[in-house]
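Since the structure comes first, as structure tokens, the remarks are kept for the end.
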Amino acid sequence: MDKVSISSAFAKKRTVWIKTFGCQMNYHDSERILSHLQEINFTQTDDPATADLILFNTCAIRDLANSKFYSGLGEIKKIKGGRPDLLVGIAGCISQTDGEELLKKYKHLDFAFGTDTIDQINEMIYRLYQGEHKIFSNSQDNRSNYSIETKITHGSLQAFVNIIKGCNNFCSYCIVPFTRGREKSRKIAEVVADVRNLVLTKNIQEVTLLGQNVNSFGKENGENLSQLILELEKIEGLRLLRYTTSHPKDLSDELISVYKVASKLSNHLHLPIQSGSDSVLKRMNRGHDTAHYINLIQKIRSLRPDIVISTDIIVGFPNETEEEYQATIDFIEKMQFDFIYSYAFSARQGTKAAQMADSLSEDLRNRRLVLLQNVQVEIQRAIRAALVGKHFVMLLEGSNSKNGIKKWFGRTSCHRLVHVKMEDDNSNYQWKWVEVEIISTTPHSCQGKFIKFC
Ligand code: SF4
Numbered sequence: 002m003d004k005v006s007i008s009s010a011f012a013k014k015r016t017v018w019i020k021t022f023g024c025q026m027n028y029h030d031s032e033r034i035l036s037h038l039q040e041i042n043f044t045q046t047d048d049p050a051t052a053d054l055i056l057f058n059t060c061a062i063r064d065l066a067n068s069k070f071y072s073g074l075g076e077i078k079k080i081k082g083g084r085p086d087l088l089v090g091i092a093g094c095i096s097q098t099d100g101e102e103l104l105k106k107y108k109h110l111d112f113a114f115g116t117d118t119i120d121q122i123n124e125m126i127y128r129l130y131q132g133e134h135k136i137f138s139n140s141q142d143n144r145s146n147y148s149i150e151t152k153i154t155h156g157s158l159q160a161f162v163n164i165i166k167g168c169n170n171f172c173s174y175c176i177v178p179f180t181r182g183r184e185k186s187r188k189i190a191e192v193v194a195d196v197r198n199l200v201l202t203k204n205i206q207e208v209t210l211l212g213q214n215v216n217s218f219g220k221e222n223g224e225n226l227s228q229l230i231l232e233l234e235k236i237e238g239l240r241l242l243r244y245t246t247s248h249p250k251d252l253s254d255e256l257i258s259v260y261k262v263a264s265k266l267s268n269h270l271h272l273p274i275q276s277g278s279d280s281v282l283k284r285m286n287r288g289h290d291t292a293h294y295i296n297l298i299q300k301i302r303s304l305r306p307d308i309v310i311s312t313d314i315i316v317g318f319p320n321e322t323e324e325e326y327q328a329t330i331d332f333i334e335k336m337q338f339d340f341i342y343s344y345a346f347s348a349r350q351g352t353k354a355a356q357m358a359d360s361l362s363e364d365l366r367n368r369r370l371v372l373l374q375n376v377q378v379e380i381q382r383a384i385r386a387a388l389v390g391k392h393f394v395m396l397l398e399g400s401n402s403k404n405g406i407k408k409w410f411g412r413t414s415c416h417r418l419v420h421v422k423m424e425d426d427n428s429n430y431q432w433k434w435v436e437v438e439i440i441s442t443t444p445h446s447c448q449g450k451f452i453k454f455c
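Next up, the structure:
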């Protein structure tokens, strides 16, 4: 390609197809990538065959996401074969650690960048259009301060706002501290100004504060999450505030006390326990035991009796005994979680758990997972059934049709998914706040009756 100026390189309208794997942080990063690309005349397409740029935002944590990425990358090879001008790139956690190797291995891959170099994407694209090949950028941001402005491209009333990146905890199974680096927080003043701006200029009404470990927010600045929540509470126009993900070791009494006064704070807490066995928690290097976790939940429930608690569980951690596994089953029965994200352990290279001798077979892990999920489904069935007749307020996010019946859906403040049939199938109710009454339930969702707009 001829050498051209930036303005002429990006005068042409182009399209990007982006596939995101993994956690909310990755979806948030993809939003940021798209926002940058908009500045150089790219719009998003859902057709990879006609896109000018194909991007995979990868996840190193889950096996399924990992294998889907590799099979997707293989598929793209056919498209690239007939279209030499097509650019193919990877971002995210796999790219951070293995990007350089993948660039060598996959001829049709043009560039790879890590989690801290997202803001350089336009420069990388420009260099590629200038004729450079195989660009790799995974440097980590070593500045002591962490400062960004949230970038969003969608017309939704919901936004993710990153407040802390990295993690210092080094759970023995987790690759995050190696892919995302050490904890670094934004300053409260910056986050508040950012959210205020989103509310004023983009009409954002629901914000989810994001970080690998939001409970550690602000430590290096002498600030904390409870102070941030209380400041955000004051923003007029902001209606709902969520945060994720928490760590039981770092959830402070001060943060718990906020549940008493923060009326905009969601009535849901996702608090990963990972195992109901103290000996497994120790091998996981979680830094807390089940008694500590139970104590936290009791304190929160004393302030908000109807708060919804959800968790993450990993079954089949190396050498998990029958007794240890049974302790997890007993724990979820005792705690009555509203929902859980559950996984069979799979080793991540570079972590301590990957070096542990392990006597468990994959088959046993999968059987334990299915059994645990069956127990949880029955818990959820009973919890959801008890919701019939209750009223909730929620933001309608979208609609779908089943058996010719169109329904709208949204999540309550307590994060429960509710489907509701609205009066007029031809009207657009997206981003309307509504009150619904629950009329029937399944273990995973609720059907609601529209009561009123609010
Ligand atoms: S706290 Fe979460 S992100 Fe940090 S190491 Fe543990 S599992 Fe990974």
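Going from the sequence shown to our numbering is simple: count from 1 and add 1. Backbone N, C-alpha and C fix where the C-beta goes; we use that ideal spot for every residue, glycine too.
query: Examine the ligand SF4 and report whether any of its heavy atoms sits within less than 6 Å of the Cβ of Q213.; result: yes
query: Report the partner residues of L88 according to the DSSP bridge assignment.; result: L54
query: Looking at the secondary structure, which residues open and close the alpha helix (DSSP H) in which K78 lies?; result: D64 to G82
query: What is the C-beta distance between I164 and L210, in whole angstroms, given that I count them as a contact (C-beta under 8 Å)?; result: 5 Å
query: Would the beta-carbon of V177 be found less than 6 Å away from any heavy atom of the ligand SF4?; result: yes
query: Which term fits V389, buried or exposed, when burial requires 16 or more other beta carbons within 10 angstroms of its beta carbon?; result: exposed
query: Could you check which residue in I439, V435, M357 and K407 has the C-alpha nearest to that of N427?; result: K407
query: Would you check whether the ligand SF4 has a heavy atom nearer than 6 Å to the C-beta of N27?; result: no
query: Please list, in chain order, all residues of the same chain as K4 whose beta carbon is under 6 Å from its beta carbon, the five residues on each side excluded.; result: Low local confidence applies: a pLDDT of 47 at K4 is under 50, so the model's placement there is unreliable, with the coordinate-based value given in what follows. Within the same chain, K4 has close Cβ partners Q131.
query: A263 and E234: beta carbons closer than 7 Å?; result: yes
query: How about the segment 292–310 and the segment 432–451: do they share at least three Cβ pairs that are nearer than 8 Å?; result: no
query: In three-state DSSP terms, what is C168?; result: coil
query: Have a look at E321 and K69 and give me their C-alpha separation to the nearest angstrom.; result: 28 Å
query: Quick one: measure Cβ to Cβ for V376 and I330, integer angstroms, because I've assumed they're closer than 8 Å.; result: 6 Å
query: Starting from A328, trace the alpha helix (DSSP H) both ways and give me its first and last residue.; result: E323 to M336
query: Would you call S186 buried or exposed, if buried means 16 or more other Cβ atoms sit within 10 Å of its Cβ?; result: buried
query: Just curious, the beta strand (DSSP E) that N401 is in, first and last residue?; result: H392 to K403
query: Buried or exposed, going by whether 16 or more other CB atoms sit within 10 Å of the CB of E325?; result: buried
query: Alpha helix (DSSP H) containing E32: first to last residue?; result: Q25 to E40
query: Between the alpha carbons of K105 and F114, how many angstroms are there, rounded?; result: 14 Å
query: Below 8 Å on the Cβ atoms is my contact criterion, and I expect C415 with N268 to pass it. Report the Cβ-Cβ distance as a whole number of Å.; result: 4 Å
query: Applying the 10 Å Cβ sphere with the 16-neighbour rule, what's the burial state of T116?; result: buried
query: For the alpha helix (DSSP H) holding E424, just list the boundary residues, first then last.; result: Element bounds for E424: n/a, residue is neither H nor E.
query: Below 8 Å CB to CB, which residues in the same chain sit around L370 once its five sequence neighbours on both sides are set aside?; result: V316, G317, S343, Y344 and A345
query: Whether or not the segment 30–38 and the segment 69–85 are in contact is what I'm after, with contact meaning three or more pairs of Cβ atoms, one per stretch, closer than 8 Å; do they touch?; result: no
query: Where does V200 sit, in a helix, a strand or coil, going by DSSP?; result: helix
query: Over the uninterrupted beta strand (DSSP E) stretch that includes R15, give me the two end residues.; result: R15 to T21
query: Determine which residues share a DSSP beta bridge with Q275 and list them.; result: I314
query: Taking all protein chains shown into account, do 16 or more other C-beta atoms lie within 10 angstroms of the C-beta of V378, making it buried, or fewer, making it exposed?; result: exposed
query: Would you check if the distance between the CB atom of S362 and the CB atom of F338 is smaller than 7 Å?; result: no
query: Per DSSP, what kind of secondary structure is N375 in: helix, strand or coil?; result: helix
query: Any heavy atom of the ligand SF4 closer than 6 Å to the Cβ of C172?; result: yes
query: What residues match up with C447 in a beta bridge as DSSP calls it?; result: V419 and T442
query: Pull the bridge partners of M163 from the DSSP assignment, please.; result: With the sequence shown as reference, residue 163 is identified as Asn, and Met is not the correct amino acid for it. Beta-bridge pairing links N163 to L211.
query: Looking only at its own chain, which residues have a Cβ that is under 8 Å from the Cβ of V17, when we skip the five neighbours before and after it?; result: L35, L38, F43, T44, Q45, T46, A52, D53, L54, I55 and L56
query: How long is the line joining the alpha carbons of L158 and H271, rounded to whole angstroms?; result: 22 Å
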